[in-house]
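Colleague: First residue of the first sequence? That's 5 in my numbering, and the numbers climb one at a time after it.
Beta carbons: idealized from backbone N, C-alpha and C, even for Gly.
All of these numbers come straight from a predicted model, not from anything done at the bench.
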Amino acid sequence: MPELPEVEVVRRGLQDHVVGRTIERAEFYSARVARRHHPGAHHHAEQLADNRVAEARRRGKYLWMVLQTPDGFHQGLITHLGMSGQLLVEAVDAPDEKHLHARFTFDDDGPELRFVDQRTFGGMALSDLDEAGVPEAIEHIAPDPLEAAFDQKAVVAAMKKRHSAVKRALLDQDLVSGIGNIYADEALWRACVHGERLCSALSKPVLGSILDHAREVMLEALGQGGTSFDALYVNVNGASGYFDRSLNAYGQEGRPCRRCGTPIRRESFMNRSSYSCPRCQPRPRVARLATR
DNA sequence: CTTTTCTCCTGTATGC
DNA sequence: TGCATACAGGAGAAAA
5 MPELPEVEVV RRGLQDHVVG RTIERAEFYS ARVARRHHPG AHHHAEQLAD NRVAEARRRG
65 KYLWMVLQTP DGFHQGLITH LGMSGQLLVE AVDAPDEKHL HARFTFDDDG PELRFVDQRT
125 FGGMALSDLD EAGVPEAIEH IAPDPLEAAF DQKAVVAAMK KRHSAVKRAL LDQDLVSGIG
185 NIYADEALWR ACVHGERLCS ALSKPVLGSI LDHAREVMLE ALGQGGTSFD ALYVNVNGAS
245 GYFDRSLNAY GQEGRPCRRC GTPIRRESFM NRSSYSCPRC QPRPRVARLA TR
């Protein structure tokens, strides 16, 4: 379940193994992987040959390679890993994966780049870049808490105006990007706030502290995700070690809260699971009522 | 306009 | 053993 730290691990893998190389050929094996690229997968593949990978960048859970065409134009090749997407750097003679959707070979005859995705929630698309070098296709995605463009004061103000659950806001990539179900639960646990409390009912300092905790927990995860990185495997499972050792809430149902010992509970929220401490993170006292 | 729900997908785990 | 069902969940479209 790649969220910001896992995607950043992948970006660093691309930085180390792909940036600076020139694509020789791109092949797409399913239209679905390029479904966000409206001209289609065939066009997609055609546009990629002879492009030099100039940079590997990330915003939230989106990753993109800045490609330079032979004419010197720049464009973005966006990748979103979805639930189960992986970018793998592998020897050209390595056997194909069962869910291989795209392959990129390079003119140096070195290892190739593959996009493998079991559940096909992920995808790739080409997009023009804006003045800031961000693909136009993802301009709606808000800056993430780790980038310089992140304006926490503005995000807190926007949250304060929302009449929806605070966890829903944390997961809204148009408000703040990079946070998924795991790190939302972890940030809320650290801040001692139940995810179903309304944004508008929380103080700005509390909203700010939730964002601070989100940033901190993702930075910690990133520190650990880097350690399990394998040179030939641009891993989306950077959090695997992190899962076992450091998660305080997510997936911990029934285990004692590390602050107070109360068993962690699991609740259904937005058709997903939310984990929290019943004592440290009491549910909002008044049931949320639809105002209209 | 804002907010919520639905849908896409398949491997793994669980229940009868 | 086999079959059915639940679950994992990001993001965008559709609905309310």
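Nearest to L174 by alpha carbon, out of D155, L150, K157 and C203?
Modeller: C203
Colleague: Residues in the same chain with beta-carbon distance under 7 Å from E94, minus the five sequence neighbours each way, listed in chain order, please.
Modeller: P115, E116, R118 and L236
Colleague: DSSP beta-bridge partners for H84?
Modeller: Y66 and G127
Colleague: Report the rounded CA-to-CA distance for S213 versus C196, giving the unit in angstroms.
Modeller: Rounded to the nearest whole angstrom, the CA to CA distance from S213 to C196 is 10 Å.
Colleague: Flag this pair as yes or no: are the beta carbons of C264 and R276 separated by less than 8 Å?
Modeller: no
Colleague: DSSP puts H78 in a beta bridge; with which residues?
Modeller: Answer is Q72.
Colleague: So, for D20: in the same chain, excluding its five sequence neighbours on each side, which residues have a beta-carbon less than 6 Å away from its beta-carbon?
Modeller: Beyond the five residues adjoining it in sequence on each side, D20 comes within less than 6 Å, by CB distance, of no other residue in the same chain.
Colleague: With a CB to CB cut of under 6 Å and the five nearest residues on each side skipped, what residues in its chain are close to E59?
Modeller: The beta carbon of E59 lies closer than 6 Å to those of V70 in the same chain, with the five residues before and after it left out.
Colleague: Is DSSP giving A58 helix, strand or coil here?
Modeller: strand
Colleague: Is it right to say P286 is buried, meaning 16 or more other beta carbons lie within 10 angstroms of its own, or is it exposed?
Modeller: exposed
Colleague: Do M222 and P9 come within 8 Å of each other at the CB atom, strictly closer than that value?
Modeller: yes
Colleague: Report the three-state DSSP secondary structure of V22 (helix, strand or coil).
Modeller: coil
Colleague: Report the three-state DSSP secondary structure of L202 (helix, strand or coil).
Modeller: Residue state, collapsed to three classes: strand.
Colleague: Counting only the same chain and skipping the five closest in sequence on each side, list residues whose C-beta sits under 8 Å from that of R15.
Modeller: A60, R61, R62 and L67
Colleague: Can you tell me whether A253 is buried or exposed? The criterion is at least 16 other CB atoms within 10 Å of its CB, across all chains shown.
Modeller: buried
Colleague: Can you tell which of S34, D97, F125 and L192 has its C-alpha closest to the C-alpha of E169?
Modeller: Looking at the sequence shown, residue 169 is not Glu but Ala. Comparing Cα positions, the closest option is L192.
Colleague: Within a Cβ cutoff of 6 Å, which residues of the same chain sit near V23, ignoring the five residues on either side of it in sequence?
Modeller: V57 and A60
Colleague: DSSP three-state call for I142: helix, strand or coil?
Modeller: helix
Colleague: On a CA-only basis, which of R262, E257 and C261 is nearest R270? Give me that one, please.
Modeller: Checked all of R262, E257 and C261; the closest Cα to R270 is E257.
Colleague: So G182 and P149 are in contact, right, with Cβ under 8 Å, and what is the actual spacing, rounded?
Modeller: 7 Å
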